[in-house]
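Taken in order, these protein sequences are the chains called D and B.
Numbering of the first sequence is given in the numbering used here, commencing with residue 1 and proceeding in unit increments.
Numbering of the second sequence is given in the numbering used here, commencing with residue 109 and proceeding in unit increments.
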Amino acid sequence: QSALTQPPSASGSPGQSVTISCTGSSSDVGANNYVSWYQQYPGKAPKLVIYEVTKRPSGVPDRFSGSKSGNTASLTVSGLQAEDEADYYCATYGGRTVFGGGTKLTVL
Amino acid sequence: EVQLVESGGGLVQPGGSLRLSCVDSGFTFHNNWMAWVRQAPGKGLEWVANINPDGSAKNHVDSVRGRFTISRDNAKNSLFLQMNSLRVEDTAIYYCAPDRGYNRFDPWGQGTLVTVSS
Numbered sequence: 001q002s003a004l005t006q007p008p009s010a011s012g013s014p015g016q017s018v019t020i021s022c023t024g025s026s027s028d029v030g031a032n033n034y035v036s037w038y039q040q041y042p043g044k045a046p047k048l049v050i051y052e053v054t055k056r057p058s059g060v061p062d063r064f065s066g067s068k069s070g071n072t073a074s075l076t077v078s079g080l081q082a083e084d085e086a087d088y089y090c091a092t093y094g095g096r097t098v099f100g101g102g103t104k105l106t107v108l
Numbered sequence: 109e110v111q112l113v114e115s116g117g118g119l120v121q122p123g124g125s126l127r128l129s130c131v132d133s134g135f136t137f138h139n140n141w142m143a144w145v146r147q148a149p150g151k152g153l154e155w156v157a158n159i160n161p162d163g164s165a166k167n168h169v170d171s172v173r174g175r176f177t178i179s180r181d182n183a184k185n186s187l188f189l190q191m192n193s194l195r196v197e198d199t200a201i202y203y204c205a206p207d208r209g210y211n212r213f214d215p216w217g218q219g220t221l222v223t224v225s226s
């Protein structure tokens, strides 16, 4: 089972919105509503920011939102802040957990 | 609050073995599925294995099946990963996390580094 496809990089200025895509297939992303997103700072462990496509864990700012259309899921970070600069990984379930390759978000 | 601490990583030669441990300081370890996820240097995340609350059901990714075994000791709030026949490509940081279902791993431990090299 191949990894999900994410753009290697994304960027935006403070206050702007940035959307990161995650493309899979009809057997994983398109098959269910179990897409998650993880934020990872350099040298740190990943942190869950979105699960089941749109849900935010307690403590995650509402600037983070998720969506899905067909075989592509998206993470949108609104009102971009310097602290949002990190790597972001999507994950989905198609018999087993599959992660995307990761997107480095840069705040300009 | 769940706090996870991994240990057991280190430098090992190809073909060697290591046993990773993960201790959960919270109170709900015995109720949770648990998972190991790894990250090769400079690379993305890869799910490795998971185990159900009583240890009777285990799943491993194809690339480690037959070489790695996940297990747990609920009396000690501990999760393990026995890694045998290690390969250079197993070099990674190994993280443990509660597997709350369908890719919901939360929270994560700080990770332990495994380096397979001659």
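Here a beta-carbon is modelled for each residue, glycine too, at the ideal position from N, C-alpha and C.
Please read all numbers here as calculations on a predicted model, not as lab measurements.
- The beta-carbon of Y202 (chain B) is placed no less than 8 Å from the nearest beta-carbon of chain D.
- Annotation for L153 (chain B): the continuous beta strand (DSSP E) segment containing it runs 153-159.
- P61 (chain D) is not bridged by DSSP to any residue.
- Just so you know, the alpha carbons of K184 (chain B) and G101 (chain D) end up roughly 35 Å apart.
- Under the three-state reduction of DSSP, F99 (chain D) is assigned to strand.
- The beta-bridge partner set that DSSP reports for D181 (chain B) consists of B:S186.
- The contact set of E197 (chain B) on chain D, defined by CB atoms closer than 9 Å, is empty, because the minimum CB distance reaches about 15 Å.
- Contact annotation, A91 (chain D) with Y41 (chain D): C-beta distance approximately 18 Å; criterion of less than 8 Å not satisfied.
- By the C-beta density criterion, S115 (chain B) is exposed, having fewer than 16 other C-beta atoms within 10 angstroms.
- The region 73-87 of chain D and the region 190-197 of chain B do not touch, with fewer than 3 CB-CB distances between them shorter than 8 Å.
- A straight-line Cα-Cα distance of about 14 Å links C204 (chain B) and T97 (chain D).
- When 7 Å is used as the limit between beta carbons, T92 (chain D) is near these residues of chain B: N211, in chain order.
- Using beta-carbon distances, G150 (chain B) does not count as an interface residue toward chain D, since no partner is under 8 Å.
- Two segments are said to touch when three or more pairs of C-beta atoms, one from each, lie closer than 8 Å; by this definition the region 51-64 of chain D does not touch the region 111-126 of chain B.
- Of all C-beta pairs linking the region 205-225 of chain B to the region 167-179 of chain B, fewer than three are shorter than 8 Å, placing the two stretches out of contact.
- If you check each beta-carbon in the region 28-49 of chain D against every beta-carbon of chain B, the ones closer than 9 Å belong to N32, N33, Y34, V35, S36, Y38, Q40, K44, A45, P46, K47, L48.
- Excluding its 5 nearest sequence neighbours in each direction, S27 (chain D) has C-beta neighbours in its own chain below 7 Å: G94, listed in chain order.
- Note: K44 (chain D) is not bridge-paired with any residue in the DSSP secondary-structure output.
- Comparing alpha carbon positions, the residue from B:L128, B:N158, B:R146, B:K151 closest to R208 (chain B) is B:N158.
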